[in-house]
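Residue 49 in the working numbering sits at position 49 of the sequence shown; the count goes up by one each step and never skips.
Where a beta carbon is used, it is the ideal one built from N, C-alpha and C, also for glycine.
Okay, structure first, notes after.
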Amino acid sequence: MKPYVLVVEDEDSLSTLLQYNFEKEGYEVEIAKDGEEALLKINERKPDIILLDWMLPKLSGIEVCRRLRLNKNQQKIPVIMLTARGDETDKITGLDYGADDYVLKPFSLPLLFARTRALIRRSSSSIVEEILTSGNIEIDTKALRVKINHNQVHLGPTEFRLLEHFISNPGRVYSREQLLDSVWGRNIFVEARTVDVHIGRLRKILKQNGANDTIRTVRSAGYSFEIKQ
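Now the structure itself:
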């Protein structure tokens, strides 16, 4: 089946361009012209990915994204935010509200296709794969076991969820708030600095077992997991 893309964009020329080019690439595409129409279409049929403009009539893209992440049936849908707002604070806001990626207008279509493929692939594989690997680290998500260099390693439940999340989303920078939402859950209220404590524990265990420098601190932004070969 063709991957189903929902383009949420009120500028007719851009939505037409995206629909034409994505259909040429083998996708099924639908258009929503405002935030309310987007939510209606998502409720009718769950997309494989959403290309979401920030500035929309009726409901902003940020609000659409926020509502998706609060809905258990929709919170895993990959979202690429399309926007002309290029300030770092705007990017952080978009990611904090649940966007998986952030693409500035005007953008390169080949780059957008590549990011779309990567997010769809990651979303699909995270549902079906039981074994996640990165370099010398292997996670069995069903048995809740971790091996480094083929040796079993004990992790606490929070450190296990952190590592699973990082390996499922390599290379992307996550703020403390995003990690709290993804790993602890949106309804759990703990201090953001709690993330630092568990990151420190996880780093220590990885280092002791020969997986050094996999979690990178990104100044003023958060943490990123680096793929080690």
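Leaving out five residues before and five after residue i in sequence, what residues of the same chain have Cβ atoms less than 8 Å from its Cβ?
i    : result
G35  : V8, L56, P57, K58, L59, S60, G61, E63 and V64
E226 : P170, G171, D213, T214, I215 and R216
Q152 : R145 and V146
T158 : V183, W184 and H198
Which residue from the options puts its Cα closest to that of residue i?
i    : options                   : result
A99  : K105, R117, F113 and Q75  : Q75
V190 : Q178, R201 and K147       : Q178
D10  : Q19, K147, P3 and Y4      : Q19
H150 : L70, G210, P170 and I167  : G210
L180 : I199, I167 and K91        : I199
T141 : D90, D12 and I167         : I167
G185 : L206, R69 and R115        : R69
V5   : T158, H165, P157 and R115 : R115
Check this for me: beta carbons of residue i and residue j, under 7 Å apart or not?
i    : j    : result
D53  : L82  : yes
G222 : V173 : yes
K105 : A84  : yes
I215 : R203 : yes
R176 : V195 : yes
L162 : V183 : yes
Y27  : P47  : no
E25  : F107 : no
I80  : L51  : yes
I148 : I137 : yes
Given that a residue counts as buried once 16 or more other Cβ atoms are within 10 Å of its Cβ, and exposed if not, what is residue i?
i    : result
F160 : buried
A38  : buried
R193 : exposed
L109 : exposed
Taking 6 Å as the limit between beta carbons, can you name the residues of its chain near residue i, skipping five residues before and five after?
i   : result
Y97 : I62, C65 and R66
P78 : I49, D100, L119 and S123
Give me the Cα-Cα distance between residue i and residue j, rounded to the nearest whole angstrom.
i    : j    : result
V197 : V29  : 43 Å
G135 : K72  : 32 Å
L132 : V146 : 10 Å
L14  : F22  : 12 Å
I92  : K41  : 27 Å
L206 : R121 : 27 Å
K33  : H165 : 33 Å
S224 : T16  : 35 Å
E44  : Q208 : 49 Å
L111 : V103 : 9 Å
D87  : A143 : 43 Å
T89  : D12  : 28 Å
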